[in-house]
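Participant:
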Amino acid sequence: LVFGTTSSGKISVINPIARADRSGGAAGCTSYYQGHQVDDEPFVLYDTVGLDERTFGKAPAANAKNDLKRLLRNLVRSKSRGIDLLVYCVGNGKDNGIIIGSFRNYGLVHSTIFRDDIRMVLVITGLEHYEPDMESWWSVN
5 LVFGTTSSGK
15 ISVINPIARA
25 DRSGGAAGCT
35 SYYQGHQVDD
45 EPFVLYDTVG
55 LDERTFGKAP
65 AANAKNDLKR
75 LLRNLVRSKS
85 RGIDLLVYCV
95 GNGKDNGIII
105 GSFRNYGLVH
115 STIFRDDIRM
125 VLVITGLEHY
135 EPDMESWWSV
145 N
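Note that the working numbering has the sequence shown beginning at 5, numbered continuously upward.
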């Protein structure tokens, strides 16, 4: 399951794995969660509505959070699907509010599933042009 804020690069992470060519944008692109079956692979990638959209995008922040919590609960309870991995996309954080919001969103997901056996990876997107180089993002943030 891939989640993150609006414009955090979720589609950029999903496209190469799903062998797809969808595009996002400045405003939210996904108005509800979408499952992507990847050819004959034994998994489904779930793209979720961007969190923290506020007044722009396709889903108000409260709706996006409720939809994500509902999806998480349904998948955790499902015997056939379940959740094997959470992919948390975070933009490069030029705005400190994004980083602060990231902790809040992590808390939302962790408190919803309460399971230590479901792994979560953090993907920082948008570092291609980070100055002086991508690696310096970690020491700054």
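Beta carbons are placed, not taken as given, at the ideal position from N, Cα and C, and that holds for glycine.
Treat the numbers as computed from the prediction; the structure is a model and nothing was measured.
What residues in its chain sit with their C-beta under 7 Å from that of Ser106, if we drop five residues either side in the sequence?
Facilitator: Val94
Participant: Just verifying my parser: in three-state terms, what is the DSSP assignment at Asp51?
Facilitator: strand
Participant: For Arg131, report the span of its beta strand (DSSP E) as first-last.
Facilitator: Arg is not the amino acid found at residue 131; the sequence shown has Leu there. Counting along the chain, Leu131 falls outside any beta strand (DSSP E), and DSSP gives it neither H nor E.
Participant: Within this structure, are the beta carbons of Leu5 and Leu79 separated by less than 8 Å?
Facilitator: yes
Participant: Would you kindly check if the distance between the Cβ of Leu75 and the Cβ of Tyr37 is under 8 Å?
Facilitator: yes
Participant: Can you name, in chain order, every residue of its own chain whose Cβ lies under 7 Å from the Cβ of Met124, other than the five neighbours on each side?
Facilitator: Same-chain partners within the cutoff: Leu90, Tyr92.
Participant: Applying the 10 Å Cβ sphere with the 16-neighbour rule, what's the burial state of Leu49?
Facilitator: buried
Participant: Which residues does DSSP pair with Phe7 in a beta bridge?
Facilitator: Tyr92
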